[in-house]
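Peer 1: Protein chains in written order, with the numbering used here: chain A, 1 to 113; chain B, 1 to 115.
Virtual Cβ for every residue (Gly too), placed ideally from N, Cα, C.
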C-alpha cells in the first residue's frame, strides 16, 4: 500500500459544479497537508496549506483534514474551465521541509464549459 | 520578479548517456531543491542545496548528483541514464534556508526522455 493514495482521474465536471478531490494516507504521523495545482507543462503551485485537522477556506477553495480517518479533501466551488489541471496532495510529519513531504500522484480535473 | 527558470525544457537522451539540468532560482532565494515527477509516483525529493552545500538527499542512487554555485544557480546531473529516468525534473527555490516547502516556488521543469 502506498503511503499516500489519490485517484488519478481524469475527473470531468461541468462548469459551475462543486468538485471534491481526495487523498487518503496511512501514516498517522502526518500533520502538515498541502494541495498543489499543476497546469499542463507547468510546475506545481501551492494552493492550500493546513496543519493538523480542520477546515481552511480561501475563496472558492476549501481544504479539509480528517486525521481520524486519514483523509484529506479539497473542494472547489463554482468550478471554472481555468480550474482544469492536475491537483496534487502532499503531506508531512515534520514541519515544512521538502524532503519530508510525501506527494500523491495527482488527480487530473477537467471542467467543461 | 522573474520566476524559477529551468533549462532546457525538453531533452531526449540515449540510455547510458549523462545529462545536466540547470535551475536558476528566484532572485534572493538561496535554497534550491530538486524533485522527480513520474506518472503514478508523484513528486519524489532528490536533494536540496543551500549556500552551495547539499543539506538533504532523497532515496535516489548515486547516479543522481547536483551542485549549487555561489549565485545560487543549481545543476543536477544524471549519469548512465536508464529508461526509468524518463521524468519531469522540477526545481523549487525558497527564500530561507532548509528548503521549507511552504515557501517554495517551482519552475516549469525539464522533461527528460531516455530512449
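Just tell me which of 86(A), 104(A) and 76(A) has its CA closest to the CA of residue 23(A).
Peer 2: 104(A)
Peer 1: Relative to the C-alpha of residue 37(A), which candidate in 51(A), 29(A), 55(A) and 21(A) has its C-alpha closest?
Peer 2: 21(A)
Peer 1: Any Cβ of chain B within less than 8 Å of the Cβ of residue 109(A)?
Peer 2: No, because no Cβ of chain B sits closer than 8 Å to the Cβ of residue 109(A).
Peer 1: Residue 32(B) lies in the beta strand (DSSP E); which residues open and close that run?
Peer 2: 31-38
Peer 1: With a 10 Å radius around its C-beta and 16 neighbouring C-beta atoms as the bar for buried, classify residue 37(B) as buried or exposed.
Peer 2: buried
Peer 1: So, using beta-carbon positions, are residue 108(B) and residue 6(B) closer together than 8 Å?
Peer 2: yes
Peer 1: Identify whether residue 81(B) lies in helix, strand or coil by the three-state DSSP scheme.
Peer 2: coil
Peer 1: For residue 45(B), decide whether its Cβ has a neighbour in chain A, counting only Cβ atoms nearer than 8 Å.
Peer 2: yes
Peer 1: Under 9 Å, CB to CB, which of the residues in the segment 21-45 of chain A have a partner in chain B?
Peer 2: 32, 34, 36, 38, 41, 42, 43, 44 and 45
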